Amino acid sequence: MRLAGFEHTPGAHCGSTSLRNLADYRGWGFDEPTCFGLASGLGFHYRELPESPHRMFVGRPLWLERAFFDNLEIETTDREGEDWATAWAAVRERLDGGDPVMAFVDLYYLDYYDTTTHFAPHSLLLVGYDEDADATGAPHADPDAGTGVVYTSDSEFEEVQALPLSSLRAAWSSDAVVPLSNRYLVAEGDPTVGVAEAAERAIRLTASYMLDPDESPYPLAPGATHGVAGIRALAEDLPDWTDLPDPGWTARFAYQNVERRGTGGGAFRGLYTPFLDGVEASVGLEGVGDRMADLAEGWTAVGRTLREASETGSIADLGPYLGSASEAVDELAEVEATLYGDALAALDRT
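With the sequence shown counted from 1, adding 3 to any position gets you this note's numbering.
What follows is the structure, encoded as structure tokens:
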């Protein structure tokens, strides 16, 4: 079965695309940048990894999907920690009842990506299933797990994808990047506050998190440095990447996390800018969209430097690029800190 009336549209980022497609299905009328902004989707965290690429930063928090529903005061069911059989039975029941289900997975196990890199949490919508379908040929399908596929609405693809249930099982419970535990989220109602009120909440949450992440009402990614402090940690660490086992790949992966991998460009700052442009007048933040656009351009320039670093072919040549990127990131940290402080001060005056 597949959900009747559900229309899949690809997008820039996995979380905001899933929210946009859900909003379309429910008739809420939000485009993707609006979903990203209302989800307090901008952020930053930097961390070490035990395996390649050894360093990772992401320009968003892990909780944007949860924050979207909270900022709009939409009632939800949000569960994790159930065993596979219990969680899948609950998802199947919701699909039978006509509800898209958001799931949080490790992209490595999604056979249609054909990737060797773990990346999580990646969010998508489950929009149907066929427990009789033959899925034994897929790379991550467990031959002992039987048949069956689930249909996914995933941001990077033009069409709904079929995924073996055994691959979903692996992706849904991976601990390769952050611990995943069969989490799923279902909207139980519609927004109960207006866009302007939700936008002010969302912007305040973003700015507060970036300046003082320890005060976040949501759990932080474990083992990471968050917010502007995370940007500064990246700037400090970049010159030492030459000591890593494969610094060229680390730099390439970092470039991808600025300009590719669903960021919308400029480490998600490019995706956030249209949201600010649309709401700044209603929340008393005139001009903040232009300032965010400048930040997006700055991060894109950093991404370009990291890409060039990855193509040098030698550690000796790599070092100057990493030094240049370090200086630029340190400057961006100061600009970001000023912007978020100004935004909070302006919101407090309204």
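C-beta atoms are modelled at their ideal positions from N, C-alpha and C, and glycine is treated no differently.
Since the structure is predicted, the reported quantities are computational estimates derived from the model, not experimental observations.
V338 and P220 have their alpha carbons spaced roughly 25 Å apart. In the DSSP assignment, S21 falls within the unbroken alpha helix (DSSP H) covering 17-29.
E51: member of the beta strand (DSSP E) spanning 48-51, first to last residue. When secondary structure is reduced to three states using DSSP, M295 falls in the helix class. Of the other Cβ atoms in all chains shown, 16 or more fall within 10 Å of the Cβ of S170; this residue is therefore buried. Boundaries of the alpha helix (DSSP H) around T276: 272-286.
Boundaries for V196: no beta strand (DSSP E) harbours it, and the DSSP string shows neither H nor E there.
Around the CB of V196, fewer than 16 other CB atoms lie within 10 Å, so the residue is classed as exposed. Closest option to G230, judged by alpha-carbon separation, among P242, D240, E239, D217: D217. For a cut-off of 8 Å, the C-beta gap from V153 to Y132 is around 5 Å, short enough to register as a contact.
Where L350 is concerned, there is no enclosing beta strand (DSSP E), although the alpha helix (DSSP H) around it starts and stops at 318-352. Cβ neighbours of V282 within its own chain (closer than 6 Å, five residues either side excluded): A202. Counting C-beta atoms within 10 angstroms of its own C-beta, T308 has 16 or more neighbours from the protein chains shown and is therefore classed as buried.
R172 and E68 have their C-alpha atoms spaced approximately 21 Å apart. For F107, the secondary structure class from DSSP, reduced to helix, strand or coil, is strand. When the beta-carbon positions are compared, T155 and L128 come within less than 8 Å of each other.
Of G84, F71, E78, E159, the smallest CA-CA separation from L110 is found for E159.
At the C-beta level, L342 and R294 come within 8 Å of one another.
Annotation for G233: the continuous alpha helix (DSSP H) segment containing it runs 230-240. A distance of 8 Å or more separates the beta carbons of V291 and L350. In the displayed model, S158 falls within coil according to three-state DSSP, outside both helix and strand. Around the CB of R263, fewer than 16 other CB atoms lie within 10 Å, so the residue is classed as exposed. For F60, the enclosing beta strand (DSSP E) covers residues 58-61. The three-state secondary structure of G131, taken from DSSP, is strand.
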